[in-house]
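In the order they appear, the protein sequences are chains A and B.
Following this note's numbering, the numbering of the first sequence begins with 3 at its first residue and continues without gaps.
Following this note's numbering, the numbering of the second sequence begins with 3 at its first residue and continues without gaps.
The beta carbon of each residue, even a glycine, is placed where N, CA and C say it ideally should be.
First comes the structure, then the notes that go with it.
There are 2 protein chains.
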Amino acid sequence: MQNFEYYNRTKIIFGKGTEALTGQETALYATRILLHHSGGSVVRTGYLDKVKKSLSAAGVSWVELDGVKPNPRLSLVHKGVEICKREKLGFILAVGGGSVIDSAKAIAMGALYDGDVWDFFEHKKTVAAALPVATVLTIPAAGSESSVSAVITNEAGPWKRGLNEECIRPVFSILNPEVTFTLPPFQTACGVADMLAHIMERYFTREPHVELTDELCEAAMRVIIRNARRVITGAGEQDYDARAELMWAGSIAHNNFLSTGRIGDWGSHQIEHEMSAVFDIAHGAGLAIVFPAWITYNINEDTPRLARFAAKVWGVDGAFYDYQQAALEGVFRMKNFFTSIGLPVSFKDAGLDGAKIPLMAEQAVKFGPVGNYRKLHAPDIEAIYRLALT
Amino acid sequence: MQNFEYYNRTKIIFGKGTEALTGQETALYATRILLHHSGGSVVRTGYLDKVKKSLSAAGVSWVELDGVKPNPRLSLVHKGVEICKREKLGFILAVGGGSVIDSAKAIAMGALYDGDVWDFFEHKKTVAAALPVATVLTIPAAGSESSVSAVITNEAGPWKRGLNEECIRPVFSILNPEVTFTLPPFQTACGVADMLAHIMERYFTREPHVELTDELCEAAMRVIIRNARRVITGAGEQDYDARAELMWAGSIAHNNFLSTGRIGDWGSHQIEHEMSAVFDIAHGAGLAIVFPAWITYNINEDTPRLARFAAKVWGVDGAFYDYQQAALEGVFRMKNFFTSIGLPVSFKDAGLDGAKIPLMAEQAVKFGPVGNYRKLHAPDIEAIYRLALT
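Written as C-alpha cells, this is what we have:
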C-alpha cells in the first residue's frame, strides 16, 4: 500500500427537496454570485427556478451565465472570467452536470489570474487561488461535485484537457436524486459509464496490497450496474431509491475515497478525451467504447486482476480455470451491459469513422505516454482504437 | 434512503514514517500546544520521541499531560482543561489510541467552557466551541481520529457517556501502520472488534434502500476479518500491508461514510458501555461479548438482513433455505472468529460475574430505550446480558 493523504472538505447535502437549502448555504460565503448553467433542461423543468427562489429567500443576488455545452468550451469560460472580474463576484454556483461544474471551476481559477486560464490546462502556469465554487448537481456522472478535477475543451484545436487543483473543489454540493427522474435514458446511461470508468481507472492498479479499496471499488461497481438496470432497462425512471444509489455512487466514484493507497491508471480517460474532442461524442459513450478495448488490449497485463474484476463485478465464476478466458468473459458481459442500457461499444455503433485514429493517438500522448497500469504510447492507443472499430 | 449530510474535514495522512510530518502540520495551527498521551507504550517504544522531534523541528513547543487510561477518566480531563486555561494553550495533540483522543476532545471542549465539561455528557448544556484537536494514532480501533465522538468515564458513578460534536472532529490525523507492529495481540484484537462493531452498528438498520452503503459495509467487514486473521493468528505481526488495511479500515468504519442515508442502531455500544464502566473491561472485548448476544436476541427482527449479514460477511451459503438458521450460523462463525483472535465471547470467558446485570441494564437506559434496529428497554438488555453469560 502506498502512503497517501486523504482530504475531502466538500459538504454533501443529499436527498429530496435539498435544493431548497441552496440559499442558506450560499449565504455563508457571499451575497452576490455568478449563477452558471446550461440554459437547457434545468430551465425547462423549473429546477433552476427552485434554486433561484432559495437564493432570493436568503438574500443572495446573482449574475447569470448560461450556455454551457457538453465538453464545456474555453470561450464561455473566458466570458465567465470577464463577468466575475467586471462585476467583482466572489462566488460561483454551478447548477447542472459535470460540464457546468467544470466550466464554473475554470472560471473560478481564471477570475483570480491575469493571464489566460488555458495556461493552467497547458501546464504553463500553476494555479495560485480560485474563487469558491459550489454546485447543485443535476446529472450523476462526472463526480465533479466533490472532486478537484476540471476538463475543458479549447475549440481552437480542438483540444480537451483536464487538471486537478485542490482550490477548485466545491465547498458544498447539493444532490437531489428527484431531479434525475427526467434525464433522457441516454444521458443516464452515459453517466453510468462515466462513474463506472472513474472506479475502473482506480481499480486497475499495479499496487499489490490494497484489499480494502479493491473490495470497496467492486462493491460500488456492482451497485451501479444493478441500479442502472433498474432505472434504464426496468421501469424505474421514477424509482427514487435506485436514482439515489446512482447519484451517491457517482460522487463516491470520484471523490478519491476509492483511490487511497493506490495509483490508478487514467489511460482510458485520456484516450476517450481525444474521441470527444474530435467527434464531440458524449464522454460516457466514448468511455463505453474505449474501456472494453483497453482491457482486451491489456489482457496479458496482470491477468489475475482482470479475471478478479470479471468475477467480482460481472459475476463470472471465480473458479474459472483460465484467468484469460475469465477476463475476456468479463469484457463480453461489460459490453453486453453497456449495449443493454443503450450505449455504443464501438466506433461503428456510434457512427464514427476511423480515419482520424492516427491523429487522435498522437494527440493523446501530447504530454507523454498515458496510463499507469501499462504505459501506453501512440501505437498502443492506435491499436486500442482499432480494437474498438466494430 | 434517508436524506443526509456528509461532511468530514479531517485530513488523513497515512503511511510509513508519517509521524515526521506532525510538526509541519501542527505549526499551521499553533506554536504552543497541549501534548496528551498515556505515558505507556508510546513512550517505551520511542514513538513519542519521534513526534516530539518533529514538533521541535517545526518550532512547536508543548505542555505535556500523560496518564490517560483505557475508558478515559473525567478527572484527567479536568486536569487538562485546567492546564489549557492556565497556560492559554490553543491546540491539543493526542498521541495514542481512542482513549487518548477522546480525552483530548473532552479537554478541547472544557477549555472553552466555564462550567464542568461533564455537563455536555449529561446533556445539560450544548457545546458552543472547542479548541482544535489533532491526532497521531497508535491503535486502530475507535475511529476517533476522524470522528465527532468522544466517550468519557466519570469515576463518581462510574458512568461512561459519549457525545457527538462537529467541533471536536480532529483537524488532521497521522496514521502510520508501523507503530501497530508492537501492539499486544489482545489489544489488536480488541481494536478489530471495535471497528467491526462500528460497522455493524451502521449495518443493522431498518432503512430498506441503502444498497450502496450495505455493500460498502460488507466489503469493509470482510477485509477487517481477513486481515485480523493474517495479523493475529498468522505470523503477520510485522505484516505492513495487513496492518495498513486494518488501520485504514478502522478509520473508515467510523468516519460516517458508511452510514450515509441510513439510521444505525448503536444499542450494542450502549449495552457494552455499562460493562466497561462496571468491570473496566476493554471496550472491544465487551463488544465481542455483546454483539453475538444482541443478534441472537433479535433473531426475529428483519431476519433476512441478519441472514444477509451471515452470507456476505461470514460466508454462510446465501442460498441457505432458512433465514433464521443462516443468521444463527453467522453468529456461530462470528463467535468462532472472536475466539480465534483471543477475545472473550461471554461473561464467563472474561471472568465477569452477572450479579450486577439488573443494575447495568437500568443504567443503560438512563436516557431512554437504546437502539434503533429494535428499541431495547431494561428487560431486553438484561436478557441480552444473560444470553452472553456463558
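Integer Cβ distance of residue i from residue j, believed to fall under 8 Å
i      : j      : result
B/A144 : B/G99  : 7 Å
B/A251 : B/I226 : 5 Å
A/D267 : A/E203 : 5 Å
B/I94  : B/L133 : 6 Å
A/V194 : A/I343 : 6 Å
B/F174 : B/E27  : 5 Å
B/M249 : B/T190 : B/M249 to B/T190, Cβ: 10 Å. No contact.
B/I35  : B/L91  : 6 Å
B/M197 : B/A284 : That belief does not hold up - the Cβ atoms of B/M197 and B/A284 are roughly 14 Å apart, past 8 Å.
B/T215 : B/R163 : Actually they are not in contact, since the Cβ atoms of B/T215 and B/R163 sit about 27 Å apart, beyond 8 Å.
B/S56  : B/L23  : 7 Å
A/L308 : A/G332 : 7 Å
A/T155 : A/A244 : That belief does not hold up - the Cβ atoms of A/T155 and A/A244 are roughly 32 Å apart, past 8 Å.
B/V102 : B/S40  : 6 Å
B/V367 : B/I291 : About 19 Å separates the two Cβ atoms, so there is no contact after all.
B/A287 : B/A352 : 6 Å
A/T298 : A/L389 : 6 Å
Residues that residue i bridges to, as DSSP identifies them
i      : result
A/G164 : A/V153
A/V372 : A/L378
B/E109 : According to the sequence as given, residue 109 of chain B is Ile; it is not Glu. Per DSSP, none; premise fails for B/I109.
B/R75  : B/T155
A/I35  : A/W64
Exposure label - residue i; buried when at least 16 CB within 10 Å
i      : result
B/Y205 : buried
A/Y323 : exposed
B/S58  : exposed
A/R208 : exposed
A/E168 : exposed
A/Q240 : exposed
B/S148 : buried
B/H38  : buried
B/F369 : exposed
B/L361 : exposed
B/E66  : exposed
A/G317 : exposed
B/N302 : exposed
B/L300 : In the sequence as displayed, the identity of residue 300 of chain B is Asn instead of Leu. So B/N300 counts as buried.
A/D382 : buried
The beta strand (DSSP E) enclosing residue i, as first and last residue numbers
i      : result
B/K13  : F6 to F16
B/G98  : I94 to G98
A/I343 : Element bounds for A/I343: n/a, residue is neither H nor E.
For residue i, the three-state DSSP class (helix, strand or coil)
i      : result
B/F334 : helix
A/S40  : coil
A/V65  : strand
A/L378 : strand
A/L177 : strand
A/E226 : Here residue 226 of chain A is Ile; the residue named in the question, Glu, does not match the sequence. A/I226: helix per DSSP, three-state reduction.
A/R171 : coil
B/I234 : helix
A/R208 : coil
B/R46  : helix
B/R264 : coil
A/V119 : coil
B/E354 : Per the sequence shown, the amino acid found at residue 354 of chain B is Leu instead of Glu. Residue state, collapsed to three classes: coil.
A/L185 : coil
A/K127 : coil
A/G145 : coil
A/L198 : helix
A/K87  : helix
A/E239 : coil
B/L114 : coil
B/A390 : coil
Limits of the unbroken alpha helix (DSSP H) element including residue i
i      : result
B/A295 : H285 to Y299
B/A136 : No alpha helix (DSSP H) holds B/A136; the beta strand (DSSP E) holding it covers V135 to L139.
A/Q365 : I359 to A366
A/S253 : Y242 to I254
A/H271 : G269 to F281
B/A306 : In the sequence on display, residue 306 of chain B carries Pro and not Ala. Where B/P306 is concerned, the enclosing alpha helix (DSSP H) stretches over T305 to W316.
B/E27  : T24 to T28
Proximity test, residue i beta-carbon vs the ligand ZN heavy atom, cut-off 7 Å
i      : result
B/Y323 : Although the ligand ZN was asked about, the structure shown includes no ligands whatsoever.
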